[in-house]
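Note sheet for the following structure.
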Amino acid sequence: MESYEKGETRELEMENSEILKLVQPDVVVMKVHSGSKIRNLINYALKKFQNPSFMQIIWTGHGSAITKVISSVEIIKRQIQGLHQVTNLGYKKVEETWKPKMEGLESLIVTRNIPLITILLSKNPLDPNILGYSAPKKIKSKSTSESSTSRKKLHNKEIVVNKT
Numbered sequence: 001m002e003s004y005e006k007g008e009t010r011e012l013e014m015e016n017s018e019i020l021k022l023v024q025p026d027v028v029v030m031k032v033h034s035g036s037k038i039r040n041l042i043n044y045a046l047k048k049f050q051n052p053s054f055m056q057i058i059w060t061g062h063g064s065a066i067t068k069v070i071s072s073v074e075i076i077k078r079q080i081q082g083l084h085q086v087t088n089l090g091y092k093k094v095e096e097t098w099k100p101k102m103e104g105l106e107s108l109i110v111t112r113n114i115p116l117i118t119i120l121l122s123k124n125p126l127d128p129n130i131l132g133y134s135a136p137k138k139i140k141s142k143s144t145s146e147s148s149t150s151r152k153k154l155h156n157k158e159i160v161v162n163k164t
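Here is the structure:
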């Protein structure tokens, strides 16, 4: 590729996501990039969710930002109980044109598929039959007797540990 230099890069249209059909008009869209700070994303999303008029947040990211999207969503779900989630995976198509540096060579057009994730978090219940739906996790309540002792089995022997 040393005989070519990168020319124009353009994003091709992506497939419409099923998530877009579920979106309310007042949705907050969080576009996460590889350089985004998770702390800033979380703080902004929590402030938006404190406002009762905002019921949904869409998180989206592609390439190396996918891990930040997933981490941010999991942190938000731990801090705000009862959120419904719909996850959609796909690809973003990017078309690059490479121009030759020497005569006699033709221009190259390279199409790349970059992984993309879109996650909808909603305070309102969503249809559980939607592909990628995750229901809110139920919180297990511990009784007072269970919190002070724990029981473990080791080689068919029960061990009781008192917590102080």
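When we follow UniProt numbering, the leftmost residue of the sequence shown carries the number 1, and every step to the right adds one.
Using N, Cα and C, we set each Cβ at its ideal position, and we do this for glycine too.
About 16 Å separates the beta carbon of I66 from that of L121, a gap too long to meet the 8 Å contact definition.
Residue pairing by DSSP places S122 opposite Q56 and H84 in a beta bridge. By the CB criterion at 8 Å, P115 and S107 fall outside the cutoff. V73 counts as buried, since no fewer than 16 other beta carbons sit within 10 angstroms of its beta carbon. V28 and F54 do touch by the CB rule: their CB atoms are close to 6 Å apart, below 8 Å. Contact between I38 and S64 does not hold, since the beta-carbon distance rounds to 13 Å and is not under 8 Å. Every beta strand (DSSP E) of 3 residues or more that sits fully in the region 20-54 is shown, in chain order, as 28-32.
Cβ atoms of S3 and L105 come within 8 Å of each other, at about 6 Å.
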